[in-house]
Structure formats: C-alpha cells, structure tokens
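Written out below as structure tokens is the structure these notes cover.
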Amino acid sequence: MAIQSASPTPSMFRKKSTPVLNTAASYLSAVSEADARARAPRGTPNSTPALSLSSSVTSSSEDTVLHEREELNSDGLAYPKVPPTSEQVFTTVHAEFGHCANDSYRFTSRYNPARPLKAGEQDPPYYILLTTYISYILVILFGHLRDFFGKRFKATDYRHLLAHGGYAALNSDFDSFYTRRLKLRIDDCFSHPVTGVPGRTIVLLDRYSPNHNKSILLTGGKTRGLNVSSYNYLGFAQSKGACADASAESIRRYGISACGSRREGGTSDLHIQAEALVARFLGMEDSLISSMGFATNSTVIPALVSKGCLVISDELNHASIRFGVRLSGANVRMFKHNDVKSLEALLREVISQGQPKTHRPWKKILVIVEGLYSMEGTLVELPAIMELKKKYKFYLFIDEAHSIGAIGPHGRGVCDYYDVNPRDVDILMGTFTKSFGAAGGYIAGNRSLIDRIRLSGHAGAYAEAMAPPILTQVVASMASIMGVTLPRLDKPTSSTRSLLTRHSDSTLNVIAEEAPAWRGTALAAWLPTWMPTPQSMCDGSDSQMRLRRLAFNARYLNRALRKLGFITYGSADSPVVPLLLFHPGKMAVFSRLMRTRPTPIVVVVVAYPATSLVTSRVRFCLSASHTKEDIDTILVACDEIGDLLDLKQGVGERWPLQEIMARAVELVHMEES
Amino acid sequence: MNTTTTALEPLFTLLSQSYTTLETTFSKIPGSAVVARYVRSSHQNDPGRTLLEVILILFAIRTLLQSRTRADNSGKHFIKFDEKEVDELVDEWTPEPLGAPLDEREQAEIDNSPVIVGPVGPKPKLSNGKTVTNLASYNFTGLAGNETIKERSIDALVKYGLGSCGPPGFYGTQDVHMQLEKDIADFLGTEAAIIYAQAFSTISSVIPAFCKRGDIIIADRGVNFAIQKGLQISRSTIRWYDHNDLKSLEQVLESTEKERRKKKGPLTRRFIVTEGIFDHDGAMSDLPKLVELKQKYKYRLILDESVSFGSIGRTGRGLTELYNVPASQVDMLVGSLANGLTACGGFCAGSHIVVNHQRINGTSFVFSAAMPPLLSVAASEGINILRSTPSILSTLQENIRAIRSILDRVDCIAIPAHPASPMIHLYVRLPSPTHLLPSAALASPALSSASGRLSNPSSPHPRDPEIFDCDLEDGILQDIVDEVLAQGVMVTRAKRLRGQELTEVRPSIRLAATSALSKKDCEKAASVVKTAFIKVVGRHRK
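These protein sequence lines map, in sequence, to chains A and B. Here the first sequence is numbered in full-length UniProt numbering, starting from 1 and rising by one per residue. Here the second sequence is numbered in full-length UniProt numbering, starting from 1 and rising by one per residue.
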C-alpha cells in the first residue's frame, strides 16, 4: 500500500481512537492550523511545501511530459509502487490510466431486481443543520456589513455595484452578493487551472492569492495529484493509445473544423458514420450528433415540445434541460427527485385536469429524467417509470449525460443496467464529454423523429457541426467499448480469432455471433477505413477491463465510505459519489487538505446553487483508470479528514479502515443488506 | 369525592413538579426571558391577540414545510375527480405524435443535403465523387486545413489528450484555455475574454447573464436566431428598432427615455443588442454611430461579431478594427471562433468585471464541459497567423470584390449584403406581382424611417414588412443551388427555421467568400451562380 510508507503524517493527523479531540479549543486550533498550512502558497521559493515531511512531494515542478521528469515517485502517482512482472504488459501510461492486473478487482454493473440498491439518503443530526444555517447567517451578515461600509468609504472598489454616470449597476442582485461575499472566500477551491491529460492523475498549476482571493496568481509551479474530479469514467482521457492515434490521424486527414452548420454544408462522411455508430451502440434507429453537450438539450427540446404541451421534469434536472424547456414555450411541472409515486400523482392530476384554465387535453406530455444525477449519484427508477409510461402514454426523454458508458454490463447506460429495451424509450440523449473523453452530445430515437429534429432543432441550421478529431474520438472510444468484428474474408485473421475465442469469461463470443444486435460488437465496415483498430479494441478485452474496473471502483468507494461512517448519497453502482459536508466552511478545508496531502488528491466541492443551501458536498468522480490502491489512498485521506472535520455522522455498521481495505473484494460483492 | 382526590394526588404532584421543572429549564435557556416578556406583553389580557399570533406561527411553519413540487389543486380552475374518473380520462387521452412526420419537401432536403468526403477546404470532394468549388463553408480566412494549425493541434493532442473532461469551474480549465482567452483579449485590445464551447450557445448565454427581468434591451429587428433565444431567456423588456437603421434606433432610445421619465421608475440596466455583420442578410452596422448613440443615452452595447470577427478589418479583428473604434468601447463583444478561425466555440470579450461575471453566471459556460484543448490551441494559432499575415484579409477582400462585380448587376439577383461582407446573401428578384417592393428598398433598408412612419417598438415586426412568397422563393433558390452544384460549385440556401424565427426571413442563397480560392476561381464560380440564376428564373417565368 502506497500510502503508509509515503506519508509520515504530522501528529495532528494521526488516527485517534475516538474522533473527538480533547477540547473544542484544541480542535479549532488544529483545523485552523491545518487550513493555514493548506492555504500557504506552494512552490514559491520561500515557502516550504505544506505537509511534506518526506522529500517526495517537492517534485511539484515536474513537467507534464512524464519521461522528462527526474525520478521521484514515492507518492506512486507517476509509476506503480510495485513494478510489473515480466508477464504483465501494460500499454497505458500509469499516470493517465493506472496499471491493475489483479482480476479480482473487477465487478459488473448490473441491476439486481431481487435486491435493488437503496439510494441511501441519511439526514444529519440537527446540530449539524443548525450550525450550517448559523454559519451562512454569519457570513451573510458580515458580507452585508462589509458592503455597507465599503460602498461608503471605498466607493472606487464598489463602482460596478453602484449606479454611476447614468448607468445602472451591472450586477447587484443576490447572485452577485453570493459570489463576492461567500464564494470569494473559498475561490481557491474552484476553477483551478490544470495542464496535461485529465486522466488518473491531473497536474494542477499552483496558485496563490496575495489579497484574499480577489486576484489569484499562478506561481509557476505544478502539482500532480490523484484525480477524482474529472468526468473520465471509462478512462478514455488519454494522450496515448488507440483513440488518440485515431484522432491524430483524423486531424491529418480532415483538419480541425467542419466549417459550418450541419445543414449548410458542414456535414462530412465522418458525421454520417459516427451517427450510425451511435445509433447502433444505443440500439436505436437513428441518432443526431451535436457539437456541445449543453446545446444538445437546449436546442433539441424546443423541436419536440411547444405551446400546449407539457414537460414533466425531475426537480433536480440539469440546467441545460431547464434552458431548453424555457425556450420551447411548453408548460412545465416538476416532481420530487426520483420519486415515482410523486410522478404518478402528478400525471394523474395533469392528464385529468388538462391545460390550465382551458382544460383542453395536453397535446403531448414529455417526461424528462436523467439516467444518473451527477450531483446526487442517484440512478433513475427506470423499470417503474416504464410501467407508468405504458399506462399514461407520455413520451420519455432520458438524459444519459453521465450514465452512458459508465453504467450497465456493456456500458450502454441505464437501459442496459436495468435490461430495458431502449426502443421502448422515445428519446435517449447523452454526452460524449464524460465516458468517451470527447466533447458534444447526441440525441437518439426512431428515424422519422430524428429527421424531424435535424430539420427543426436549432443546431442543424445555426450551430457549428462537430469537429472531425472529436468525432473520431467518439467513434474510436465507442468502437472500443463495443468491440470490433473484423470481416472474415479479409486476410487471415488467425490472431484475432484466437483472441476472440480465448475470452470465454465474458459474453462477448455469443454477442459477436449475433451482431449487429443491441449490445453487440461493431462491424469493421462501420468504422472509417483509415482508423487503426488494435487487437485490444477488436476483441473487446479493453472495454471489458474498463467497464469492470469502473464498476469495482464505484462500489468499493461507495460502500467503504459508508462503512467508515460518512453520509453519502446515491446508488452504490454510481461512479459519482457525493459525500455530504453540510457546512460551507468545511468545503474549503476539505478541498485544501485533500490537495495538500503528501499524495495530493484533487476533488470537487459543490455548494449552492448547484445543491440546496445546507447540503454542501464533495463529489468523487471515479474512473476505470483508478487502481484499488488509489481508492485506498482516498479512503485513508477521507478517514483522517473526516475525523478532523467531524464528518462521520452516518448510521449503520462501521468497519475500521484497515479491515475495509483488506476486505475490499468482499465488500464490493456483498448483497445489499 | 375525597377518595378520588387522594387517588389523583400523586398525579397532581407530578404535574406541578413537571411544570416547575419545565419552567426552570425554560428560564435556563438563554434568551428565554425575552420570549416570556414578549408573550406576556403581546397577550395583554386579550386572548384574541395570542390566538392570532399562534395562527401566524402555524401558517409560517406550514408555508415553510410545503413542498415546492406540490400539486396546485387549490385554484378555482381545479376540478375534483374521483379515482375512477381519472382512470377513464387517462384511458381516453391520446397524445399527438412526438415529432410530426416529414412532408415530401422536407424529406427531400434531408436526403439531398451534400456530404463532404474528406477534408473541408476550397475544393472538397463530395459523396457523389465530384470535386467542387466551395462557396458554402465558413472558411473566410482559408485556415481550414492549414498545416501549421494541424501540427500544433496534434502536439496538443499528445500533451492533453482530447477532451477536457469537466466544466471550467471543476478542473476543466486548461492552461491553453487561459492562453486563448489572453490571445483574444490582446488581439482585440480588451481587458479580458472568456471562451464558450460552442459559438451558437455563446450569445444566448451572455445576454441572460446580464439582462434580467425589468431591464431594458433595445434590439435590431434583424438579429440572428441565437440572439433571439438569448432575448427570450432574459425576460427583459425588449424594444425593437428597424433593421440596421440607426435613425430608428435613436427614435426608440428617445421614446424609451421619455417613457422612463414619465413612469419615474428606478434606473435599470439598459442594453443595445445588435450584430456586426448580420447573419440574416450580410448588412453591416455603423459602429461609430452606434457607439456614439450608446454613450449619449447611457446604454451598454452587446455586439455580436460572429460573422465579422476574423473576416473584416486589416487583420481580421472585426468591426472595431475596420472603423478604428477601440474594442473597449463595446461593453460585450461576442464572436465566433468557428467562422473566422475555423476552430470551434465562441467568446465574449470585455472588461474584467464583465468577463468574471460570466464565469459564474454564463449558463452555458458554467454547465458545460470546457472546449477540447486542441481546439483552443488551433484557435490561438489561427489568431497568430492572422496577426502576422495581413495578406489573408486583403486576398479575401479581393475575392469578395471579384464575386460582387459579377453578381451585383444581375436583374434577377438582389444583394442585401454590405460590399465588404464575406457573407453574401442573394435574394431572387422576381418581376411578378407577388413581389411588389421597388428594387431600391433592398439596397437601402432605411425605408420606413424615410417614409416618416414609425414601427411599433414593442413588436418585432416592422411597420412595412417585406412581402415575399417564402415557399416559391425557397423552391427557386433550391433549384438554383442544385443547378450550381451540377456545374461543380457548392453553395447553399441560408437555412432558417421557418415559424421559429421572430420575423420571417427572406429566403436567400448564402455565399461564403474565402481567401483560399484564387481570384479566377471566384470569378468562375460567381459566373456559374449568375448563369444558374438567369436560367432558373427564366424557366420560372415561362
């Protein structure tokens, strides 16, 4: 285990038998001390690197090109702690995609109808909620005080908040107050610039602020940290490997841009090929690709619904869906997050009542849900919604921005996970930003519907088409997940065939025979002829490894955090794991302490307005590129910081850290109790 | 009687004891004295008051506990049904199909849109095997397929991988994004800039980031679709002025000011929203006059330079360079990196305050993944090339002149575009009774003010709208496009979402000039377009 040898932690971090520190005063001083150390600028010549008693961490100024850096690897980020044996051949860069040969660290993400996973939403003790409110009130009070005096005595600094010279203030509402007075205090935890590949590790550009975050300056130094912040579920954020090679080749062949909108001459053969492949991947008739994920929702929904239609939307749906619905002019009703009963009650009401005032029947009702809610980690209750759909005849739109690729035994999203026929869903939407390591999004459905969207959606006429290298990344990563069946007549393919038959542990062989059924492999003819198709891509071993590693990592971290006593939200199969912090102040401290550990860990902390005011949280985004040791590193860190910040408020059975790490495989395979 | 009292005695003692305990505990709570005093003073021997306060408190608790998603079944329009009736209504209800099926013409459009095989450039190959001259793709500066850009992009791919895998706020901001923002700001001469992942989603996010309910926006009647959507989302009060008519703008500014003075409302944010070169027809705004007006009336200017950035001015800086107006005079300068720089995405340049505000309030910036690093590298390199090679823009202008010189004086073609605009819209001019407007109307859009009548500023429709037969002209133009394609030149109709645009846009063929073609090729292509126009319009007359 990497962490024990490499992290001689300062005494205050040492695991205490009880989470309670002696007195409140010592607790507070410990927090402030740790926080002060974490906030100190790193990499500046005069300061010592925070928390680094071992010399290893000082390698923070390494270049992103790995082979150029001098060897200092006690944190295990750039190279594996245990060197591979001669039989193990890894083709990936460890810093981008971790080496893990242990086959027991694998799992298959699949819905078990007999023992459905419970989305564990525990409420914190009341004192936590109370103190959270108090801390918000305090900060808001101070903010108003400072604004009050600032506007009177330092008018130049507040010029943009006041009317001047006949111009009204540019931004003066609560949003602006929140940004200046609350978010600014912890701005060092947001928008951190990075460089290099956002893979298993990520390189942060060090920064410091001389004036309490008013301006944040780069020091010029860099820190490599373990990355649990990027949406890189299947680990396709790679600068080396089949996908990157294919993209590079497409730049050489196609250039950078499609030069126009899809309907005004911006359509190339790559677009056609990619759309066909996406449709086959999803098991739908046809699909349409859009060059931006956000715009996929915001430009397609207006083509589906209009005045006289009703959109029923989960209350926690993404901003892009709300944006699209607002543009469409349709009526909107919301139901309680992921609550099928609330949805049914609402459906009964709206169908029986009809349109407001006129009581005319709705033209159509579109229910919009997300497959995996990225802030909550909850999976949509698809089987129950499909039942409702039969009865209430609404149209179903599933936004699979996070679930596509990341969920299901074949990575085909929630339909695959629940074993629901995707053709029973009217519209599947998703993005390529997350699991596929590309950009943009797709919309899939039956052919006439997609053609309608091509014509009536905003993007087709006005928005730029997707760029060729991005399309190629989509095609290559998707083919990699599907596996590729090479044509049988094409040159002797003995090597491929032997590989195909060798993999008996998966269902790949069966599927290969009946291709091109849903969840089947891709035929080589579907791909661009110039695209290199290495063996690991063809036989599906690469995709199986990715899918099963991700499923293992997701379950392991989810369950381990609960066993440690943390309050987490969502399904155990979700690769997004939100850990509840509640207090706004703890967000900053948590983020800083994680970032400044001997093995720095890069996490995302989120608060209002992305979540409700009291449920500030840290969000771990797992990836197939993480190894079991990486998850252990995260757990050790969470355990220490959790004690320090009094975060272990969950109920239920607890295991000590060592036991969790030792019994990881058992923990992952455990049935839901 | 006595027995019952004695039997109840322990109970009474218990009650009085617990009352005393309660009282002492209550008095121990800090601030309890204040509460007690308040209750006492508010009671004032009047139980009615206490009752009222209790009801108020209960009401407050009820309001707080009420779910946001609760069904609104208290209204007077709510009809009560029992379960069986609801079931019947559910059974009865039949929804319309989700997407209306395509008609023949729409299907033909889907089936016949050209597909480019291989790279886009001045002479791409189409899926039917033909190599054509390309006047359809946005490649004004000829940077598509530029070898340096390709090389730099591959370098970026090797260093950063492809996707940025996160929104800018959550570790999606790469150093190359910051570099591009700096490059744009330096290039234009503004304090800062912010990049969005898609050009189309840029302005529809910038406008609502600043303009809220109650603010005033004065917009051109001919603004593009993305701006229209931004205006719709903003929920601001919108006033319209006649397309590209600054006299009309001044009148609207004046009348809005009067209205405000009359109402004595508070000072609200006020914006003028318009385009540099209009996407709808290629007309160009008179920027100096616009800036003068905005300063006079104290408005902020949101200028969409999606077409003009990278295509106008000595080095492609857009309208500000052409008119020699400092870019800092434009409060929010929005542009596209997809058109002029042949990369992807859009930007908004302005002061630090303007830019930083969008980093939290620009919806499509905050809630979308950052642009892939290699595309920002491509855009940065594009700016570099434009900066160091002014000949690109002069070639482009020569090509525009070559095309215009052939198409300008053709009877059946009307060109609303500015002579320097690289985006050239061609209207078909039919001498039939369906088209009654005098030809001069097309050349000078300042028709309504010239006639002295004002349009209603609250309506997006002008007082004297152009009269044209949309389907007829679309059909003719499509025939022309097909004819031109058969002769080896690719052009396109300007595709519009009929019915979704605020005002019906006149059908046109949109040419995009490029510096990558030689002057001779441009002339040849323009002649092909001219011949096709004459041929198809002539055929139509018969």
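Note that beta-carbon positions come from the ideal geometry of N, C-alpha and C, so glycine has one too.
Cβ pair residue i, residue j closer than 8 Å
i      : j      : result
H626/A : N553/A : yes
S77/A  : L226/A : Sequence check: residue 77/A is Leu here, not Ser. Against a cut-off of 8 Å, the Cβ pair of L226/A and L77/A comes out as a contact.
A180/B : L374/B : Before going further, note that residue 180/B is Leu rather than Ala in the sequence given. No, these two residues do not count as a Cβ contact at 8 Å.
T514/B : P119/B : no
V602/A : C189/A : no
A226/B : I203/B : yes
S291/A : A463/A : yes
L205/A : L218/A : yes
Per-residue burial, residue i [other beta carbons within 10 Å of its own, 16 or more giving buried]
i      : result
E387/A : exposed
M466/A : buried
V39/B  : exposed
M670/A : exposed
C470/B : exposed
Y19/B  : exposed
P193/A : buried
R530/B : Note on residue identity: the sequence assigns Lys, not Arg, to residue 530/B. Buried: at least 16 other Cβ atoms inside 10 Å.
G265/B : exposed
Chain A within 8 Å of residue i, Cβ atoms only
i      : result
H357/B : yes
G161/B : yes
A516/B : no
L157/B : yes
K294/B : no
P507/B : no
P372/B : yes
Q174/B : yes
A192/B : no
R496/B : yes
N361/B : yes
Proximity test, Cβ basis, 8 Å: residue i and chain B
i             : result
V576/A        : no
F323/A        : yes
residue 697/A : A question about residue 697/A goes unanswered here, because the residues of chain A that appear run from 1 up to 673.
Q658/A        : no
R326/A        : yes
C259/A        : yes
A664/A        : no
M292/A        : yes
Y442/A        : no
residue 698/A : Examination of residue 698/A is not possible in this model, given that chain A is present from 1 through 673 alone.
Y254/A        : yes
Proximity winner among the options, relative to residue i (alpha-carbon distances)
i             : options                       : result
V668/A        : A101/A, S109/A, A34/A         : S109/A
I218/B        : Y299/B, P95/B, D281/B, V206/B : Y299/B
S456/A        : A551/A, L304/A, A246/A        : L304/A
Y127/A        : H583/A, E671/A, P656/A        : H583/A
N128/B        : S137/B, A136/B, V117/B        : V117/B
residue 677/A : L645/A, V89/A, M284/A, A95/A  : Since the displayed chain A opens at 1 and closes at 673, residue 677/A lies outside it and no answer follows.
Range of the contiguous alpha helix (DSSP H) that encloses residue i
i      : result
R454/A : 447 to 456
I272/A : 269 to 282
H352/B : 352 to 361
M478/A : 468 to 482
K258/B : 246 to 263
T219/A : Counting along the chain, T219/A falls outside any alpha helix (DSSP H), though it belongs to the beta strand (DSSP E) covering 217 to 227.
Where the beta strand (DSSP E) containing residue i begins and where it ends
i             : result
residue 678/A : Residue numbering for chain A in the displayed model covers 1 to 673; residue 678/A lies beyond these limits and cannot be assessed.
I424/B        : 423 to 428
P578/A        : 576 to 582
I415/B        : Here I415/B belongs to no beta strand (DSSP E), and DSSP marks it neither H nor E.
Cβ of residue i within 8 Å of any chain C Cβ
i      : result
Y138/B : In the structure shown, chain C does not exist; the protein chains are A and B.
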